[in-house]
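One structure below.
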Amino acid sequence: MTDTDPANRTRYMARALGLFLLVFGIGVAMRATTLYLLIPAFFQDGALVFVTAAFGMAIGAAMVAAHNRWNTLPAIIVSLFGWVTFIRSAILMIAPAFVAAIAANVARTQILPVIAGLVAALIGAYLIFVGWFAKRAA
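For the sequence shown, counting from 1, position 88 maps to 388 in our numbering; every step adds exactly one.
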C-alpha cells in the first residue's frame, strides 16, 4: 500500500481524529458542570465566533477534500465528521445566535454534555484502535 492509498488515508485520518475525540470527549465530560459558563463568554466575542467558524469550515473542507469515503465504518466516521464539522461551522458563521441558543440549552442540562463527551471519547478510542493497532487488510 502507498501513502495515497484510500485505506491508508482512512488510517491516518482515524489516528488524528481519534486522538482529538478521545481527549476532547473526556474534557467535555469532566467539565460538564461548568460548561454552561463557557458558552455565553464564547458567544459574547464576535471576532472569536467568526474566526472559530472560519477555521472550522477550513478544517471540515480539508477533511472532506482529503477523505470522502463511505465504504467501511472507520471511513464513514471520518467522512461524516468532516461534513458535520464543515456544516456546523457554516451555520455558526451564518447564524451564531441560533447556535448559541442550542448550545446554551444543551449545556444547561449537564447530563447531555457528559453523554456527548463519553460518546466522543468512545468513538475516539475506536478510531485510535483502527488507526494505530488494527491489522491491515492484505
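For glycine and all other residues, C-beta sits at the position ideal for the given N, C-alpha and C. The structure displayed is predicted, hence computed values, not measured ones.
| message | If we require 4 or more residues per run, which alpha helix (DSSP H) segments fall completely within the segment 330 to 378? | response | You should have 335 to 343 and 346 to 366.
| said: So, at 7 Å on beta carbons, what are the nonlocal neighbours of L418 in its own chain, with the 5 sequence-adjacent residues on each side left out? | reply: What you label residue 418 is simply residue 118 of the sequence shown in a count that begins at 1. G325 and A329, listed in sequence order.
| said: Quick check: the Cα distance between F343 and L373, rounded to an integer number of angstroms? | reply: Position 43 of the sequence shown, counted from the first residue, corresponds to residue 343. Position 73 of the sequence shown, counted from the first residue, corresponds to residue 373. Looking at the two C-alpha atoms, the distance is approximately 35 Å.
| task | Whole angstroms is fine: what's the gap from W370's alpha carbon to F381's? | result | What you label residue 370 is simply residue 70 of the sequence shown in a count that begins at 1. What you label residue 381 is simply residue 81 of the sequence shown in a count that begins at 1. Spanning the two alpha carbons is a distance of roughly 12 Å.
| message | My output table needs one value for A316: the three-state DSSP class, helix, strand or coil. | response | Here residue 316 is taken as the residue at index 16 of the sequence shown, counted from 1. Helix.
| task | Let me know if T334 comes out buried or exposed under the rule of 16 or more other beta-carbons within 10 Å of its beta-carbon. | result | Against the sequence shown, residue 334 aligns to sequence position 34. Under this definition T334 is an exposed residue.
| R309 - DSSP class collapsed to helix/strand/coil | Here residue 309 is taken as the residue at index 9 of the sequence shown, counted from 1. In the structure shown, R309 sits in a helix (DSSP, three-state: H, G or I).
| field | Neighbour-count burial assignment, G431, 16 or more Cβ in a 10 Å radius | value | The residue you call residue 431 lines up with position 131 of the sequence shown. Counting Cβ neighbours within 10 Å, G431 comes out buried, since at least 16 surround it.
| message | Just verifying my parser: in three-state terms, what is the DSSP assignment at A425? | response | Within the sequence shown, numbered from 1, the residue matching residue 425 stands at position 125. Three-state result, A425: helix.
| query | Since H367 and T409 are thought to touch, with beta carbons under 8 Å apart, how far apart are those beta carbons, to the nearest angstrom? | reply | As a first step, residue 367 is located in the sequence shown; it is residue number 67 there, counting from the start. As a first step, residue 409 is located in the sequence shown; it is residue number 109 there, counting from the start. At roughly 33 Å, the Cβ-Cβ gap does not stay under 8 Å, so H367 and T409 are not in contact.
| Nearest to A395 by CA position, among V349, L319, P306 and R331, is which residue? | Along the sequence shown, one-based indexing puts residue 395 at 95. Looking from the CA of A395, the closest CA among V349, L319, P306 and R331 belongs to V349.
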